[in-house]
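Chains as they are written, first to last, in UniProt numbering: chain Y, 1 to 524; chain P, 1 to 426.
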């Protein structure tokens with residue numbers, strides 16, 4: 001006999017009745033082994049840029065991902081950076097510290113992927129030697145993690161100088177230096193790595209490894225042995241992003257007749273003030289003096305009417321249509337409350353997952369809107385004229401907002417958000433075009449009890465904010481207890497930590513309570 | 001396309017063309033070998049392809065030019081958007097000709113080179129598609145194999161792969177060893193990016209795809225469209241029969257996919273294995289016509305009903321979807337199906353029509369009328385350049401839900417004319 005099915009009340013998903021118990025939050029499916037993405041490349045090749053951007057994308061499409069930046073571990077361990085001498089290959093004490101940092105980061109990777117519900121960990125370091133990469137491959141195979149390398153190769157001096165200016169000169173290492181000093185020091189730092197750099201070798205050594213080589217900031221790619229869906233998506237994403245300066249403008253359609261009546265959804269035209277906004281938008285766009293602006297709208301009347309005022313060609317995307325409120329379409333919130341009181345309450349309980357009866361949820365929107373994000377990445381200057389819920393989804397992607405925050409992001413009518421990529425993130429400017437409009441924003445109600453997380457299905461799309469890196473304090477304190485100077489110079493034998501984590505077993509070493517570093521391992 | 005013979009160029013050309021057409025990008029293959037077969041009625045042997053055979057060289061060059069001319073006509077007169085120039089194109093000289101042709105006309109060029117030196121794969125390719133080619137129709141297998149191998153040798157001496165240094169300004173993808181490695185250079189635009197993504201997801205490992213609708217539903221019995229009803233008693237019987245059938249197929253590692261609608265999930269439940277729910281597999285949204293019978297649609301929305309019959313592929317239900325919207329929605333499903341191996345997809349009538357049209361290369365006109373009856377499993381196996389289909393009716397009676405295009409599609413038609421092809425229901 002087939003099992004009884006129940007439709008869960010928030011997501012409207014049919015599940016076998018006995019399974020309707022809510023599972024804990026962040027319980028991912030166990031189908032795929034976790035993946036460690038390993039960045040490879042000389043300094044200032046965009047590794048951290050790629051790490052952060054990729055992590056933001058993966059979290060937005062619902063794959064819990066976190067960056068582990070070994071440089072940050074090093075800054076924790078060595079409070080003050082003095083100069084590039086730290087990175088000289090013959091600076092033995094520094095080499096040991098850097099080694100420990102890498103191992104500490106790997107330990108945190110393991111904990112994230114095994115105990116914290118992580119699905120992808122991005123190991124952001126230079127990883128320029130085969131020894132270091134072999135260490136990671138071993139770590140991966142011991143823990144049943146898939147390993148995927150992303151190597152960034154670039155020898156264009158202007159790109160490198162530009163990278164250094166964008167993100168290195170202002171980094172904590174150089175807080176007490178002027179720009180020229182910082183630039184010079186950093187260039188010397190790069191040289192420290194160059195001699196020992198062994199790029200990925202697709203013909204021989206790395207023939208059986210899965211990786212992508214990004215050459216000259218995306219002009220060329222070498223892709224080897226993609227193993228699964230997530231690696232395929234990562235490759236597709238990397239091939240679509242670019243670093244050309246550009247601006248993205250997000251705004252809603254002008255105030256509509258339905259907005260005036262407080263009605264949800266529908267396909268009404270603009271109100272008079274909505275038309276005024278459209279004219280103001282045209283003037284604003286003109287003033288911005290943009291080269292080749294693309295204009296995208298949804299297929300709903302109000303967004304098209306808004307674009308019409310601009311007097312330029314625009315492209316209609318069905319994927320940009322407002323969230324489908326199903327049976328609640330065209331109703332006011334009061335009418336919804338009256339006709340579907342239970343639904344009304346459920347929505348406030350879990351606005352991200354909540355699916356309108358015969359309609360959509362924010363979670364559905366993210367899936368629907370993903371091709372728009374992919375195309376936005378390919379494009380340069382774009383103005384997107386869309387709707388409240390859709391704009392919240394797009395904004396959550398650009399600003400790295402979680403599923404929890406997304407449905408409550410403020411996207412008022414008659415306001416343009418101007419997004420400019422800068423350093424590792426996105427600058428947002430909010431520009432109100434000074435045309436009055438109703439407020440359509442409903443805050444999270446205070447009295448709503450935050451219930452435990454709803455059922456998380458396989459392939460669930462649950463945007464998460466990319467987690468902040470945090471370096472577990474105890475480890476670094478142990479480092480202080482075993483000061484580097486007292487260790488013998490030739491054989492590296494370090495007491496790394498006394499935590500209950502099982503230390504990495506390195507080639508040819510016995511597993512003891514303290515990890516041992518082989519002295520030929522070169523630092524990252 | 002670029003590559004020695006038997007490297008999968010025509011396989012890729014046809015498959016890619018099928019995909020691009022399905023997602024709505026008008027695409028056509030121009031296979032120079034076919035032009036050659038037109039020009040030289042009977043193929044004798046590999047000597048035709050010897051580099052010193054001047055007369056043959058002239059003919060082959062003329063064929064390539066004729067094909068390029070047709071490419072131009074396809075773009076200007078037939079509104080084509082992508083042309084796949086399927087030939088070996090193994091010399092820099094030939095590729096330069098193509099580049100100047102394109103530059104002159106303002107076309108973009110994207111090279112797809114297939115590189116493979118695994119003798120097993122090449123032999124297998126020759127067996128799969130060359131023996132059946134018109135060139136070898138009267139030969140015995142060993143003769144054909146030996147001749148073809150010598151044909152390949154004719155090209156080898158002058159083969160110059162796309163050069164990563166000299167050709168660094170060109171846009172191309174190199175496929176190594178049937179997809180184990182790729183080199184991608186200078187993707188210029190959206191369509192090239194989609195092409196690259198597609199090529200990186202397809203594979204040639206043998207596998208089977210099973211397509212089926214959910215078992216007969218309560219609303220099916222009443223002749224109502226859409227909705228989210230459960231299975232009827234016969235539908236439940238089908239679910240059991242499907243389970244039995246699948247077990248009998250003895251498939252290794254079968255993935256099972258359903259939609260988010262109760263009727264497909266109930267059907268999958270009977271299989272007793274894990275399944276994955278895809279919202280993208282939900283039935284077409286009939287908007288204001290959800291849960292109506294065709295008679296009720298005719299009564300309440302006669303104009304809409306007529307317009308749907310006029311252009312069923314593009315027609316969008318008010319507040320609902322069109323088949324065209326469905327194709328967009330299903331594209332990620334197709335991409336994932338390409339990545340997977342053995343899969344059973346339990347879906348709905350309109351969805352199954354879309355998926356089947358992708359596999360069997362049906363046009364937008366044919367798509368909305370493809371027959372996908374209830375209680376019938378379609379088994380698809382990739383073979384040579386296409387797909388073999390086997391249909392299994394699992395012997396459980398069900399209503400017919402297929403409505404053919406009526407003779408009169410004008411908005412001024414009478415009710416009986418509109419309802420002429422509606423299948424029987426309770």
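All residues carry an ideal CB built from backbone N, CA and C; glycine is no exception.
- In this structure, residue 325 of chain Y and residue 265 of chain Y form a Cβ contact; the two beta carbons are roughly 4 Å apart against a cut-off of 8 Å.
- Under the three-state reduction of DSSP, residue 265 of chain Y is assigned to coil, being neither helix nor strand.
- Taking all protein chains shown into account, residue 176 of chain Y has fewer than 16 neighbouring C-beta atoms within 10 Å of its C-beta and is therefore exposed.
- In chain P, no part has a C-beta under 9 Å from the C-beta of residue 258 of chain Y; the shortest such distance is about 14 Å.
- When the five nearest sequence neighbours on each side are left out, the beta carbons in the same chain lying within less than 6 Å of the beta carbon of residue 55 of chain Y are those of 65, 67, 122 and 466, in order along the chain.
- Interface flag for residue 236 of chain Y against chain P is set, since a Cβ pair is found closer than 8 Å.
- Note on residue 112 of chain P: 16 or more other CB atoms within 10 angstroms of its CB, so buried under the neighbour-count rule.
- With respect to chain Y, the C-beta atom of residue 209 of chain P has no partner C-beta closer than 8 Å.
- In this model, residue 96 of chain Y and residue 210 of chain Y are separated by some 29 Å (Cα to Cα).
- The shortest C-alpha to C-alpha distance from residue 312 of chain P to any of P/273, P/258 and P/370 is the one to P/370.
- The Cβ-Cβ distance between residue 197 of chain Y and residue 42 of chain Y falls below 8 Å.
- In this chain, residue 211 of chain Y is not harboured by any alpha helix (DSSP H); it is covered by the beta strand (DSSP E) spanning 211–215.
- Around the beta carbon of residue 393 of chain P, a 10 Å sphere encloses fewer than 16 other beta carbons of the protein chains shown; the residue is thus reported as exposed.
- Between residue 245 of chain P and chain Y, the shortest Cβ-Cβ separation is not below 8 Å.
- In the structure shown, residue 337 of chain Y falls within a helical segment according to DSSP collapsed to helix, strand and coil.
- Nearest C-alpha to residue 240 of chain Y among Y/130, Y/258 and Y/218: Y/218.
- The contact set of residue 196 of chain P on chain Y, defined by CB atoms closer than 7 Å, consists of 239 in chain order.
- Around the beta carbon of residue 405 of chain P, fewer than 16 other beta carbons sit within 10 angstroms, so the residue counts as exposed.
- Under the 10 Å beta carbon count, residue 86 of chain P is surrounded by 16 or more other beta carbons and is classified as buried.
- If you look at residue 210 of chain P, you'll find it in the beta strand (DSSP E) that goes 209–213.
- Taking the Cβ atoms as the reference, residue 141 of chain P lies roughly 6 Å from residue 131 of chain P, within the contact range of under 8 Å.
- Rounded to whole angstroms, the separation of the alpha carbons of residue 115 of chain P and residue 2 of chain P is 9 Å.
- In terms of Cβ geometry, residue 30 of chain P and residue 73 of chain P do not form a close pair [threshold 8 Å].
- Restricting attention to alpha helix (DSSP H) runs no shorter than 4 residues, the segment 318–372 of chain Y encloses them at 333–339 and 341–349, ordered along the chain.
- Nearest CB-CB separation between residue 184 of chain P and chain Y: below the 8 Å threshold.
- For residue 386 of chain P, the three-state secondary structure derived from DSSP is strand.
- From the beta-carbon of residue 229 of chain Y, the residues of chain P found nearer than 8 Å are 336 and 339.
- Per the C-alpha coordinates, the member of P/81, P/157 and P/209 positioned closest to residue 249 of chain P is P/209.
- Around the C-beta of residue 314 of chain Y, 16 or more other C-beta atoms lie within 10 Å, and the residue is accordingly described as buried.
- Within chain P, 200, 201 and 339 have C-beta atoms less than 7 Å from the C-beta of residue 232 of chain Y, given in sequence order.
- Taking a C-beta distance under 8 Å as the contact criterion, residue 319 of chain P and residue 287 of chain P qualify as a contact pair.
- For the set Y/437, Y/256, Y/286 and Y/335, the Cα lying nearest the Cα of residue 300 of chain Y is the one of Y/256.
- Cβ-Cβ distances below 7 Å link residue 145 of chain Y to 33, 34, 35, 36 and 113 in the same chain, with the five nearest sequence neighbours on each side left out; the list follows chain order.
- Not flagged as an interface residue toward chain P: residue 291 of chain Y, since no C-beta distance is shorter than 8 Å.
- As the crow flies, the alpha-carbon of residue 50 of chain Y is around 25 Å from that of residue 78 of chain Y.
- Using a CB distance cut-off of 8 Å, residue 260 of chain P counts as an interface residue toward chain Y.
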